[in-house]
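The structure appears right after this line, and notes come after that.
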Amino acid sequence: MLVQILNGLVYGGMLYVLSVGLVLIFGLRRVVNFAHGGLFMLGAYVGYAAYGIGGFWAAIVASIVVLGIFGIVLDRLVFRALQKQEPMVTVLVTFGLLMVLEDFVQSVWGKDLLTFTTPPSLSGTVAIGAVSFPVYRLVVIAAAVIVVGGLSAWLKLSRAGLYVRASSVDPVTTAMQGVDTEHLSALVVGVGAALAGLSGVIAAPLLALSPSMGSTILIESFIVVVTGGLGSFTGAFVAAMVIGQLHNLGVVFVPNIASMVPLILMVGVLIWRPAGLLGAKA
Amino acid sequence: MPAATVNRPMPRKRLSAFPFVLIAIAVFGCILPTAVNSPLLLTLLTSATINGILATAVGLLIRHSGLVSFGHAAFFGAAAYVMVLALERTGISVETVIIAAIVLPTICAFGLAFVMLRVSGVAFSMLTLAVAQACYELVMRWRELANGEDGLAVKLPNRVFGLAVGVFQRPDSMFLICWIILMIVLLGLWFLGRSHFGTLTLAIQDNEERARFIGYETTVPRAIIFALSAAVAATAGVLFSLYNGFVTPDTLHWTLSGDALIMAIIGGARSVWGPALGAVVFFFIRDAAGGYTEHWPALIGITLILVTVAMPTGLSGAFALVRTRFGGARNG
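So, in C-alpha cells, the structure goes:
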C-alpha cells in the first residue's frame, strides 16, 4: 500500500510540475497553452540528446535551459503578438504548434519508442520498511518537492513573485500599478516552459519516449488545472496530488477504466464547485 | 477567431437564396458520381463528406454558442463503437442500432453539457479534449470491451434500411447517401439559425446575463446546442462505420477532433456551409500534399496557425467579403 501511495506521489509530482507551468502562463496571459504537452515531450527528447553527451545532470540542465529559451521566444512570438485577440486565437495557434512540434521531433528522432535509461548512480532500490522502492522514483518525488518549495518561495518572497501573483488576480490593474507585465510575462512563460521541460526529462526514464507522449499527459494536466481552478497555484497542487493518487490506484485496481477515474473526480468537483477546488470566479 | 466577436450574421428576415443554392449544389453532387468515373476521386469525396458532417457539428457549436470543441471525435467514435458493439453483442436490428448510435451520444452530450458549461470558454475547450481522450484511453485499455488498438469489424447484415449492404460500402453510392445527408443537415441548421430558438442561442452567446435578465433560461438552450452538435457528429460516426466496415480507436483520437476543428476554421464557422467546404478543401490539400504526407501534421498545424491569424473568418468569411464588395451590399 505504501508503494502505491509513493507511486501516486511520483505521478502527482510530475503532473504538478507540468500543470503549474500552465497555471503560471494562464495567470499572466489569460490563455491556455495547448502546446504545453509538446514542451514536455520536447524536454524529454532534448534530455535524451544531452544524456548521450554529458550524462543525466547535463540532460536536466539542457532541457531546462533549452525549454526556458523556447518559452521566452514563444511568449514574444505568440502570446505577446496575439494578446489583443480573443483568447481562443492563441489556443488554436498553440494547438497548431503542438502538431508542428510533434512532427519536428518525429522527423529528428523517428517515430519509434526510445528508452531513456535510468542513470546508474540513481538506479537500484532502497528499502522502506518492509518493501523496496526504486531510488529514481524517490528522486522524482524530491524534484517535485524542490519545485513546490522553490516556486512557493519565489511567489511569496520575491518582488517578481508578488507581481506574478498580483497579475494572476488581475493583469490589467497590475499593469496600471506600473508593473512591466510584458517583461514579467516573458519570464513567467520561460519558467513555465522550463518546468514543462524539467517534468519531461525527469519523467523520461519512467515512460517510453515517443512524439505523442506529450499529448497523453497534457490531458491529465488539463484535468488537474480545471479541477484545481484555472489560475490557482494551490488548487493545482492539491488536484495534482489527488489525481496522481487516483490515477495510480485506478491503474492498479480498475485498469480497464483507469482513464475515466480522474474525469469522474473532475465532474464531481465541478458539480460541487463550478470554478474548481480553489478557483476564484470562473 | 470566428467564435464570438463582431459582425455575427443575424438571421435575415427576407427570403434568402440559400435553400435554392443548396438544392442546386445538392443536385450537382448527385450527378457527380455518374459524371466522374474515377473511383479514387469518389473515395476522396466520400471521406470528405463524412468528415464534412463532423466539421459541420464543430461549426454548429462555435456558431451558436461560441464554444470551441477539441473533442468532437468523442461523439463520432462513440457512435461508431455503439454500432460495432451492439451489432456484435446483441440481436437488435441494424436500423434500431443506427438510431441508438445517434441517440445515445446525444443524450450523453446533453447530460455532460450541464457539467461542462459550468466552466468558461477556454476551460470548456480543455474539458472537451480531456473527455474525448479519456474515451480513447478507455477503448485502448479495455481489450475485452473493444479489442483495443486492433479495432473491430462491423458485423453488418445483408440489408440495411432495405438496401443491400454493398450500397453503403461502394464509394459511388455511399457518396450519394453521405452527400444527401450532409445537405439535409445543412438545410436543417440553416432553418435552426433563422428560428426563434437559434436567435435565442445567439443572444445568449452575445450576453448571457442580459438574456437571463429578460427572462430566458440560458443553460438548457446551450445544452441543447451541444447535444445537437453531438447528434450531427454521431451521424458522421454512423456513416463512417457503415462505409468503412471497421472501427478502431482512431475514431476517438484527438487528431480526428483536431482535424474536424481545423476544417471548421479553414472553411469558417460563421456560416452554415463553411465547415463542410473546409472539409473538402482539407481533403484536397491532403491529396495534393501526396508525397509530403509524412509531414502532414506539421503542414496542417501551420495551415491552422496561418488561417487563425490571417483569415479568422475562414474561406466562407472571405467569400462573403468578396460578395459584399463586388456584388452589392448583400448580407452574406
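Residue numbers (the working numbering), protein chains in the order written: chain A, 1 to 282; chain B, 1 to 332.
Even glycine gets a Cβ: it sits at the ideal position worked out from N, Cα and C.
For clarity, every value in this text was computed on a predicted model and none was experimentally measured.
Problem set entry | Min CB distance ARG63 of chain B to chain A below 7 Å | By this cut-off, ARG63 of chain B is not an interface position.
For this session: Put PRO157 of chain B into one of helix, strand or coil per three-state DSSP.
Result: Correct three-state label for PRO157 of chain B: coil.
Exercise. At a Cβ threshold of 7 Å, is PHE40 of chain A touching chain B?
Worked result: Under the Cβ criterion of 7 Å, PHE40 of chain A is not counted among the residues facing chain B.
Problem set entry | Closer than 8 Å at the beta carbon, the chain A residues around ILE302 of chain B | Under the 8 Å cutoff, chain A gives GLY96 and VAL100.
Problem set entry | Length of the line joining the Cα atoms of LEU97 of chain A and PRO297 of chain B | Looking at the two C-alpha atoms, the distance is approximately 10 Å.
Exercise. Checking contacts by CB at 7 Å: is MET88 of chain A closer than that to chain B?
Worked result: Chain B, which has a Cβ nearer than 7 Å to the Cβ of MET88 of chain A, makes this yes.
Problem set entry | Continuous alpha helix (DSSP H) stretch holding SER125 of chain B: start and end | Following the DSSP letters along the chain, one finds SER125 of chain B inside the alpha helix (DSSP H) bounded by residues 121 to 141.
Exercise. Exposed or buried, GLN205 of chain B, counting other C-beta atoms within 10 Å across all chains shown (16 or more means buried)?
Worked result: Burial state of GLN205 of chain B is buried, judged by a 10 Å Cβ sphere holding 16 or more other Cβ atoms.
For this session: If I'm right that LEU22 of chain A touches SER221 of chain A with Cβ under 8 Å, what's the distance once you round it to whole angstroms?
Result: Cβ-Cβ separation between LEU22 of chain A and SER221 of chain A: approximately 6 Å, consistent with a contact (criterion under 8 Å).
For this session: Determine the extent of the beta strand (DSSP E) in which ALA127 of chain A is found, giving its start and end residues.
Result: Start and end: 125 to 128.
Exercise. Taking the alpha carbon of ALA24 of chain B as the point to measure from, which residue in B:PRO39, B:MET183, B:GLY245 and B:ALA230 has its own alpha carbon closest?
Worked result: Of the candidates B:PRO39, B:MET183, B:GLY245 and B:ALA230, the one whose C-alpha sits nearest the C-alpha of ALA24 of chain B is B:MET183.
Problem set entry | Beta-carbon contacts of PRO249 of chain B that lie in its chain and below 8 Å, excluding the five residues immediately before and after | In the same chain as PRO249 of chain B, and ignoring 5 residues on each side of it, the C-beta atoms closer than 8 Å to its own belong to GLY77, TYR136, VAL139, MET140, ALA146, GLY148, GLU149 and GLY151, in chain order.
Problem set entry | Test: HIS295 of chain B CB closer than 7 Å to a CB of chain A | Judged by the 7 Å Cβ criterion, HIS295 of chain B is in contact with chain A.
For this session: Report the three-state DSSP secondary structure of SER185 of chain A (helix, strand or coil).
Result: In this structure, SER185 of chain A counts as helix in the three-state DSSP scheme.
For this session: Jot down the residue ranges of each uninterrupted alpha helix (DSSP H) in the segment 219 to 274 of chain A, minimum 4 residues, whole runs only, in chain order.
Result: Those alpha helix (DSSP H) runs which fall completely within the segment 219 to 274 of chain A and span 4+ residues are 233 to 253 and 260 to 272.
For this session: Output, in chain order, the set of chain A residues within a Cβ distance shorter than 8 Å of GLY258 of chain B.
Result: Below the 8 Å Cβ cutoff, chain A contributes PHE95 and MET99 as neighbours of GLY258 of chain B, in chain order.
Exercise. In chain order, what residues of the same chain lie with their CB nearer than 8 Å to the CB of ARG30 of chain A, ignoring the 5 residues before and after it?
Worked result: If we look at ARG30 of chain A and ignore the five residues flanking it on each side, its Cβ neighbours are PRO87 and PRO171.
Exercise. If LEU176 of chain B and VAL165 of chain B are in contact, beta carbons under 8 Å, what's the gap, nearest whole angstrom?
Worked result: Not really, about 15 Å apart at Cβ, beyond 8 Å.
Exercise. Is VAL89 of chain A helix, strand or coil by DSSP?
Worked result: Of the three classes helix, strand and coil, the one that applies to VAL89 of chain A here is helix, per DSSP.
For this session: Pull up the CB-CB distance for GLN245 of chain A and GLY12 of chain A, whole angstroms please, since I reckon it's below 8 Å.
Result: Rounded, the Cβ-Cβ distance is 6 Å, consistent with contact.
For this session: Counting only the same chain and skipping the five closest in sequence on each side, list residues whose C-beta sits under 7 Å from that of GLN169 of chain B.
Result: Around GLN169 of chain B: TYR243 and GLY245.
Problem set entry | Helix, strand or coil at LEU114 of chain A according to DSSP, with G and I counted as helix | Of the three classes helix, strand and coil, the one that applies to LEU114 of chain A here is strand, per DSSP.
For this session: Return helix, strand or coil for VAL131 of chain A, following the three-state DSSP convention.
Result: Here DSSP, grouped into helix, strand and coil, assigns VAL131 of chain A to strand.
For this session: Along the alpha helix (DSSP H) that carries VAL220 of chain B, what are the first and last residues, could you check?
Result: Boundaries of the alpha helix (DSSP H) around VAL220 of chain B: 219 to 244.
Problem set entry | Residues near SER19 of chain A in its chain [Cβ-Cβ closer than 6 Å; skip 5 each side] | Excluding positions up to five away in sequence, the list reads SER221, VAL224, VAL225, ALA236 and ALA240.
Exercise. For chain A, is any of its Cβ atoms less than 7 Å away from the one on MET174 of chain B?
Worked result: Put simply, the CB of MET174 of chain B is far from chain A, with every gap to its CB atoms at 7 Å or more.
For this session: Could you confirm whether any beta carbon from chain B is found closer than 7 Å to the beta carbon of ASN256 of chain A?
Result: So yes, ASN256 of chain A belongs to the interface.
Exercise. Among the residues of its own chain, which have a CB less than 7 Å from the CB of ALA196 of chain A, if the five just before and after it don't count?
Worked result: Within the same chain, ALA196 of chain A has close Cβ partners LEU18, GLY21, HIS36, LEU39, PHE40, GLY43 and LEU67.
For this session: In angstroms with no decimal places, state the Cα-to-Cα distance between GLY279 of chain A and GLY278 of chain B.
Result: Take the alpha-carbon of GLY279 of chain A and the one of GLY278 of chain B: they are about 37 Å apart.
Problem set entry | Contact residues within the segment 69 to 84 of chain A, judged by C-beta distance below 8 Å to chain B | Answer set for the segment 69 to 84 of chain A: LEU82.
For this session: In angstroms with no decimal places, state the Cα-to-Cα distance between VAL97 of chain B and PHE18 of chain B.
Result: In this structure, the straight-line span from the alpha carbon of VAL97 of chain B to that of PHE18 of chain B is close to 34 Å.
Exercise. Which residue comes first and which comes last in the alpha helix (DSSP H) that contains SER158 of chain A?
Worked result: No residue range can be given for SER158 of chain A, since it is assigned to no alpha helix (DSSP H) and is classified by DSSP as neither H nor E.
For this session: Output, in chain order, the set of chain A residues within a Cβ distance shorter than 9 Å of MET263 of chain B.
Result: What MET263 of chain B touches in chain A: nothing, since even the nearest Cβ is about 13 Å away.
Exercise. Any residues in the segment 119 to 139 of chain B with a beta carbon nearer than 7 Å to a beta carbon of chain A? Which ones, in chain order?
Worked result: Flagged, chain order: VAL119, SER120, GLY121, VAL122, ALA123, SER125, MET126, LEU127, LEU129, ALA130, VAL131, GLN133, ALA134, GLU137 and LEU138.
Exercise. Does VAL68 of chain B come within less than 7 Å of chain A when only Cβ atoms are used?
Worked result: A Cβ of chain A is located within less than 7 Å of the beta carbon of VAL68 of chain B.
Problem set entry | ALA35 of chain A - containing alpha helix (DSSP H), residue span | No alpha helix (DSSP H) holds ALA35 of chain A; DSSP gives it neither H nor E.
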